[in-house]
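Written below as structure tokens is the structure these notes are about.
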Amino acid sequence: MTMQRMALFRLQRKYAPYLFVTPFIVLFLLFGVYPLIKSLVLATYITSGPKSHLFVGLENFRFLLSDPDFHKAVRNTTVFAFFSVFLQLPLSLGLALLLNRELVKGRDFFRFSFFSPHLVGQVFVAVLFSVIFIPQFGLLNRVLHAVTGLALDTKWLTNPSLVMPALILTSLWMYVGFNMIYFLAALQAVDRELYDAAQVDGASAFQQFLHVTIPGIRPVAVFVMVLSTIGSFQLFELPYVMLGNSSGPEGAGLTVVMYLYNNGFVSGDLGYASAIGWSLALGVLLISLVQMRFTGTWKREE
Amino acid sequence: MANVVLKDVTKVYPGDVVAVDDATLEVVDREFVVLVGPSGCGKSTTLRMIAGLEDATSGDIYIDDQRVNDVPPKDRDIAMVFQNYALYPHMTVYKNMAFGLKLRKYPKSEIEKRVKDAAEILGITQLLARKPKALSGGERQRVAVGRAIVRHPKVFLFDEPLSNLDAKLRVQMRAEISKLHLRLQATMIYVTHDQIEAMTMGDRIVVMHEGVIQQIDDPLSLYHSPVNRFVAGFIGSPPMNFVEGTLHRESGVLLFKNEHFSLVVPEEMWAPLEDHDAVEVTFGIRPEDIMAKDIPEGSAVEARAEVVEPLGSEVILYLMIGEQSLVGKVDATVHPEPNSVLPIGFNMARCHFFDAEKGEVIV
Numbered sequence: 167m168t169m170q171r172m173a174l175f176r177l178q179r180k181y182a183p184y185l186f187v188t189p190f191i192v193l194f195l196l197f198g199v200y201p202l203i204k205s206l207v208l209a210t211y212i213t214s215g216p217k218s219h220l221f222v223g224l225e226n227f228r229f230l231l232s233d234p235d236f237h238k239a240v241r242n243t244t245v246f247a248f249f250s251v252f253l254q255l256p257l258s259l260g261l262a263l264l265l266n267r268e269l270v271k272g273r274d275f276f277r278f279s280f281f282s283p284h285l286v287g288q289v290f291v292a293v294l295f296s297v298i299f300i301p302q303f304g305l306l307n308r309v310l311h312a313v314t315g316l317a318l319d320t321k322w323l324t325n326p327s328l329v330m331p332a333l334i335l336t337s338l339w340m341y342v343g344f345n346m347i348y349f350l351a352a353l354q355a356v357d358r359e360l361y362d363a364a365q366v367d368g369a370s371a372f373q374q375f376l377h378v379t380i381p382g383i384r385p386v387a388v389f390v391m392v393l394s395t396i397g398s399f400q401l402f403e404l405p406y407v408m409l410g411n412s413s414g415p416e417g418a419g420l421t422v423v424m425y426l427y428n429n430g431f432v433s434g435d436l437g438y439a440s441a442i443g444w445s446l447a448l449g450v451l452l453i454s455l456v457q458m459r460f461t462g463t464w465k466r467e468e
Numbered sequence: 174m175a176n177v178v179l180k181d182v183t184k185v186y187p188g189d190v191v192a193v194d195d196a197t198l199e200v201v202d203r204e205f206v207v208l209v210g211p212s213g214c215g216k217s218t219t220l221r222m223i224a225g226l227e228d229a230t231s232g233d234i235y236i237d238d239q240r241v242n243d244v245p246p247k248d249r250d251i252a253m254v255f256q257n258y259a260l261y262p263h264m265t266v267y268k269n270m271a272f273g274l275k276l277r278k279y280p281k282s283e284i285e286k287r288v289k290d291a292a293e294i295l296g297i298t299q300l301l302a303r304k305p306k307a308l309s310g311g312e313r314q315r316v317a318v319g320r321a322i323v324r325h326p327k328v329f330l331f332d333e334p335l336s337n338l339d340a341k342l343r344v345q346m347r348a349e350i351s352k353l354h355l356r357l358q359a360t361m362i363y364v365t366h367d368q369i370e371a372m373t374m375g376d377r378i379v380v381m382h383e384g385v386i387q388q389i390d391d392p393l394s395l396y397h398s399p400v401n402r403f404v405a406g407f408i409g410s411p412p413m414n415f416v417e418g419t420l421h422r423e424s425g426v427l428l429f430k431n432e433h434f435s436l437v438v439p440e441e442m443w444a445p446l447e448d449h450d451a452v453e454v455t456f457g458i459r460p461e462d463i464m465a466k467d468i469p470e471g472s473a474v475e476a477r478a479e480v481v482e483p484l485g486s487e488v489i490l491y492l493m494i495g496e497q498s499l500v501g502k503v504d505a506t507v508h509p510e511p512n513s514v515l516p517i518g519f520n521m522a523r524c525h526f527f528d529a530e531k532g533e534v535i536v
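Structure follows, in structure tokens:
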């Protein structure tokens with residue numbers, strides 16, 4: 167080999183790795199980092215369409231604090247997230263416990279049935295449920311009327327106080343089975359011998375659940391809880407489609423992301439939308455941290 | 174303390190899998206009984222039925238003369254040590270040991286006293302504040318034993334407790350559990366697949382095979398008087414050699430013959446073998462009853478030593494006579510070259526004959 171070729175070879179060895187990771191870095195900078203920074207910058211402007219913008223500093227954030235619509239969106243989304251976590255997760259766990267028993271016949275069938283709503287996507291589910299919720303002829307009212315005698319013209323999607331329950335019900339249908347799969351996997355990973363030991367130690371079925379099952383599935387439970395919280399705060403398509411591309415009667419279905427969408431893409435103020443987006447991100451981060459703190463995820467195992 | 178009695182206990186799993194077939198066994202008070210057999214022989218299932226973790230399909234189980242078939246595990250007054258220790262991962266060692274007592278609502282001072290006493294016996298006092306994750310295998314094993322001790326149960330059940338430990342620790346823990354038995358004067362039932370563990374620890378050994386109890390006896394009786402070919406082959410290491418052949422009466426003596434050699438059967442065995450003239454039998458001889466030195470005149474057989482393993486105290490020879498392989502444990506001074514031919518002899522007074530078909534011992 168000549169000296170020149172040797173030098174070229176060395177040069178290649180040195181720089182080739184960087185060449186290989188370049189496509190990723192470029193894409194990541196372009197579509198990950200740049201929008202993030204751009205949106206943070208945007209949040210300090212008032213904009214009207216892409217061309218006209220006015221620097222206002224932290225004014226957008228200050229306005230958020232006193233914006234009644236934003237407050238409503240936060241309140242709605244929080245209520246939704248709260249019920250999502252505290253209704254969905256126990257139901258998911260309960261179903262998983264049921265399906266984890268060997269006595270249950272047709273476990274695979276049920277597992278798939280409960281999971282399948284998640285496969286069709288939010289928009290489809292929203293369309294499906296807006297039909298189910300129709301007064302007079304909707305499936306839900308028919309069943310409720312037959313069982314409890316509830317009025318047939320209960321207006322789920324037009325009565326402001328019923329919109330949120332309807333949304334929560336829909337998301338239950340959609341996510342209970344999905345979260346159940348996580349719990350089922352976690353339950354199956356708990357060492358069977360621990361149940362034997364607990365039985366010999368004198369633990370009742372409930373005590374076994376408390377001292378063996380719960381500690382055994384805790385990491386997964388925390389993971390599912392944090393994930394559903396984050397997911398709930400991103401609620402958008404479900405109410406948007408169910409309520410006919412609107413925020414519902416008296417804004418009862420207005421969520422944070424929907425408010426962001428309305429401001430950014432309907433009113434055209436991308437600056438204010440960015441401020442909403444960043445507030446949402448920080449809020450969700452904060453809640454997740456609190457959740458992890460209180461469930462002891464960070465406690466050091468000595 | 175208590176006795177444990179199994180009467181005609183059978184366990185059938187769904188799909189007609191018979192795990193335990195008509196097991197009858199009586200464990201007397203303060204006895205150390207070992208259930209031993211290859212995996213899948215039903216020994217663990219038997220133990221789990223005694224614990225109440227499995228229901229018996231039929232038959233009766235008694236602990237301390239009380240029928241316990243329908244008594245849940247927690248009310249049977251037994252404690253169990255599991256193969257994988259089954260320590261609660263989120264509890265400290267102290268809490269692991271105290272858990273059973275706490276559920277039974279013992280006063281705090283009593284729990285503390287019992288846990289500390291047990292920890293002292295097992296030498297784990299310094300580990301009480303740790304979690305199982307931070308312990309070695311041997312330490313976890315001790316905690317699992319400690320959790321059983323604090324309960325002061327009528328019966329201790331051990332389910333292959335040493336199989337996850339390394340060889341050296343296993344030998345050490347073996348001795349410690351034996352010592353513990355002497356100290357606690359408790360009834361213990363111990364399951365293992367390791368025949369050496371069984372031989373060294375058990376007052377009596379129950380040998381199981383394919384769900385059926387083969388023989389219940391003390392270790393030496395099991396070794397010297399196995400009731401069938403399975404027990405003979407399972408107990409002892411290296412295992413007993415088996416040679417197929419037939420018995421023939423020739424010129425006033427009884428001979429065991431096959432195509433490679435013939436051996437004179439000692440006179441005291443003739444009577445029981447009378448009915449087996451010219452019938453297929455299995456000849457059994459333990460490795461240590463094969464000699465390569467001081468062979469009685471006229472009884473030597475030529476064998477080829479394929480592998481020679483000098484262990485210092487003795488030499489293990491892997492021998493071939495024709496196509497018949499044999500393992501011999503011979504005097505340490507014998508040291509043939511690998512693949513050399515040497516004369517060997519059999520200590521016929523210690524040999525066994527088994528029914529070739531059923532495997533039952535004849536003599």
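Protein chains in written order, with this note's numbering: chain A, 167 to 468; chain B, 174 to 536. No residue lacks a Cβ here, since even glycine has one placed at the ideal position from N, Cα and C.
Shorter than 7 Å, the distance from the beta carbon of A418(A) to the closest heavy atom of the ligand GDP, or not?
The ligand GDP is not among the ligands present in this structure, which contains no ligands whatsoever.
The stretch 254-285 of chain A: positions lying closer than 7 Å to chain B by Cβ
none
Helix or strand or just coil, what does DSSP make of T324(A)?
coil
From the DSSP output, in three-state form, read off E533(B) for me.
strand
V386(A) touches chain B at which residues, Cβ-Cβ below 8 Å?
None at all; the shortest Cβ gap to chain B is about 14 Å.
Which residues does DSSP list as the beta-bridge partners of Y491(B)?
V480(B) and V500(B)
Apply the 10 Å Cβ neighbour rule to R320(B) and answer buried if 16 or more other Cβ atoms are within range, or exposed otherwise.
buried
Could you tell me how far apart the beta carbons of D274(A) and Q302(A) are, in whole angstroms, since I believe they sit closer than 8 Å?
D274(A) to Q302(A), Cβ: 38 Å. No contact.
Could you tell me which chain B residues have their CB closer than 7 Å to the CB of P234(A), listed as they occur along the chain?
Here the premise fails: no neighbours, minimum Cβ distance about 46 Å.
Label Y184(A) either buried or exposed according to how many other C-beta atoms from any shown protein chain fall within 10 Å of its C-beta, with 16 as the threshold for buried.
exposed
Does chain B have any CB closer than 8 Å to the CB of A363(A)?
yes
By Cβ distance, which residues of its chain are closer than 6 Å to I458(B), with the 5 residues on each side in sequence left out?
N414, F519 and C524
Should K466(B) go down as buried or exposed, given a rule of 16 or more other Cβ atoms within 10 Å for buried?
exposed
Report the three-state DSSP secondary structure of D339(B) (helix, strand or coil).
coil
By the 10 Å Cβ neighbour count, where 16 or more other Cβ atoms means buried, how is M169(A) classified, buried or exposed?
exposed
Rounded C-beta distance between L220(A) and I212(A)? I'm assuming under 8 Å.
5 Å
Less than 8 Å separating the beta-carbons of N176(B) and N257(B)?
no
May I ask you to list the residues that DSSP assigns as paired with Q537(B)?
Past the edges of chain B, shown from 174 to 536, lies residue 537(B), and the structure says nothing about it.
In this structure, what does DSSP give as the bridge partners for N414(B)?
I458(B)
How many angstroms separate the CA atom of L295(B) from the CA atom of L308(B)?
14 Å
What is the DSSP secondary structure of E453(B), counted as helix, strand or coil?
strand
I want to verify the contact list: residues of chain A whose CB lies under 7 Å from the CB of F255(B), in sequence order.
E359, D362 and A363
Taking the alpha-carbon positions, what's the R173(A) to G198(A) distance?
According to the sequence displayed, residue 173(A) carries Ala and not Arg. Going from the Cα of A173(A) to the Cα of G198(A) covers about 37 Å.
Work out the CA separation of K281(B) and L253(A) for me, nearest whole Å.
38 Å
V534(B) and N401(B) - do their beta-carbons sit closer together than 8 Å?
yes
Bridge-paired residues (DSSP) for Q388(B)
V380(B)
Does DSSP classify P586(B) as helix, strand or coil?
Here chain B comprises residues numbered 174 to 536, so residue 586(B) is not present and cannot be evaluated.
Buried versus exposed, by CB contacts within 10 Å (16 or more), E312(B):
buried
Exposed or buried, what is Y181(A) when buried is set at 16 or more other beta-carbons lying within 10 Å of its beta-carbon?
exposed
DSSP bridge partner residues for T243(A) (one or two, in chain order):
T243(A) is not bridged to any residue.
Between A351(A) and chain C, is there a C-beta pair that is closer than 8 Å?
Protein chains in the displayed structure are A and B, and chain C is not among them.
Compare the beta carbon distance of A239(A) and T421(A) with 8 Å and say whether it is the shorter of the two.
yes
Please name the residue in G471(B), V385(B) and D450(B) whose C-alpha comes closest to that of D195(B).
V385(B)
Applying the 10 Å Cβ sphere with the 16-neighbour rule, what's the burial state of D435(A)?
buried
DSSP on G406(B), reduced to helix/strand/coil?
helix
Since Q302(A) meets chain B, which of its residues come closer than 8 Å, beta carbon to beta carbon?
None at all; the shortest Cβ gap to chain B is about 51 Å.
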